[in-house]
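So the sequence lines, in the order shown, correspond to chains A and B.
If you want the working numbering, it's the position in the first sequence, counting the first as 1, plus 35.
If you want the working numbering, it's the position in the second sequence, counting the first as 1, plus 2.
All C-beta atoms in this analysis are idealised placements derived from N, C-alpha and C, irrespective of residue type, glycine included.
See below for the structure under consideration.
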Amino acid sequence: EAQVTQNPRYLITVTGKKLTVTCSQNMNHEYMSWYRQDPGLGLRQIYYSMNVEVTDKGDVPEGYKVSRKEKRNFPLILESPSPNQTSLYFCASKGEMNTEAFFGQGTRLTVV
Amino acid sequence: AQSVTQPDIHITVSEGASLELRCNYSYGATPYLFWYVQSPGQGLQLLLKYFSGDTLVQGIKGFEAEFKRSQSSFNLRKPSVHWSDAAEYFCAVGAWGGGNKLTFGTGTQLKVEL
């Protein structure tokens, strides 16, 4: 089954404690991205990757890092989480031009 | 830069009534347009998409949407709403250029009264 898998689904952490949210896709997609969803703001892109070792900033990249060492994986790293990064995070992958993006189930992060 | 406006934050309809959710976009070229639905505690499910061709597109769960270039709109419709349609709906415009970015609207929360 074609899918994008995020882990963990829920995470509560403390300010400043580094964390990683993993994202993996099994569709051999070149393009992957991360979004955060906040009430009243919709989804906003954090980072994206066009291919292995190629990443770039989206609209709200501050406080986040990503890496793309393998085609299937695109982890999101918060080096020093802060409460304003409490949000619902979605990973997405996409194939060729005229195709839609596939989303993971989301990771609800709470930073206290 | 592309943008999407969903002017209705909340909409309440009675079960069995018709539904129209509004979406206006701004994009310099031919847009790729999408509607996603998010049920409480769930991820995003694609309802329908428009890339080119027929401007009236059919999706899952009985939904349809019409692309109107002259109005920069992509409104979502359903003839008869079911209680299970209660969810949040997002319109998005895709730019498959260098950024390959989906830009989302702020969402419309649909409540269905029995």
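Cross-chain neighbours of residue i in chain A, by beta carbon under 8 Å
i	result
L35/B	Those do not exist, as L35/B stays about 11 Å from chain A at its closest Cβ, beyond 8 Å.
G129/B	The displayed coordinates of chain B run from 3 to 116. Any statement about residue 129/B would go beyond what the structure contains.
Partner residues on chain A for residue i, Cβ-Cβ distance less than 7 Å
i	result
T108/B	G75, L76, G77
Partner residues on chain A for residue i, Cβ-Cβ distance less than 9 Å
i	result
K103/B	S68, Q80, Y83, G93, D94
Residue-chain proximity (residue i, chain A), Cβ-Cβ < 7 Å
i	result
L48/B	yes
Helix, strand or coil at residue i according to DSSP, with G and I counted as helix
i	result
G64/B	helix
Q47/B	strand
D73/A	strand
L87/B	The residue you asked about is not Leu; residue 87/B is Asp in the sequence shown. DSSP places D87/B in helix when its eight states are reduced to three.
Y54/B	The question names Tyr, but residue 54/B in the sequence shown is Ser. Coil, per DSSP.
Q140/A	coil
Q120/A	helix
S41/B	coil
Q41/A	strand
Q73/B	helix
L104/B	strand
A31/B	coil
S102/A	coil
E115/B	strand
R79/B	strand
A127/A	strand
K92/A	strand
Chain B within 7 Å of residue i, Cβ atoms only
i	result
E135/A	yes
Query raised in the report: In the region 50-81 of chain B, which residues sit with their C-beta less than 9 Å from some C-beta in chain A, listed in chain order?
Result: K51, F53, S54
Self-check item: Interface positions of the region 76-100 of chain A facing chain B (Cβ-Cβ less than 9 Å), listed along the chain
Solution: L76, G77, L78, R79, Q80, Y83, M85, D91, G93, D94
- Do three or more CB pairs link the region 58-76 of chain B to the region 125-140 of chain A at distances below 8 Å? no
Q. How do the region 102-113 of chain B and the region 76-91 of chain B stand: do at least 3 beta-carbon pairs fall below 8 Å, yes or no?
A. yes
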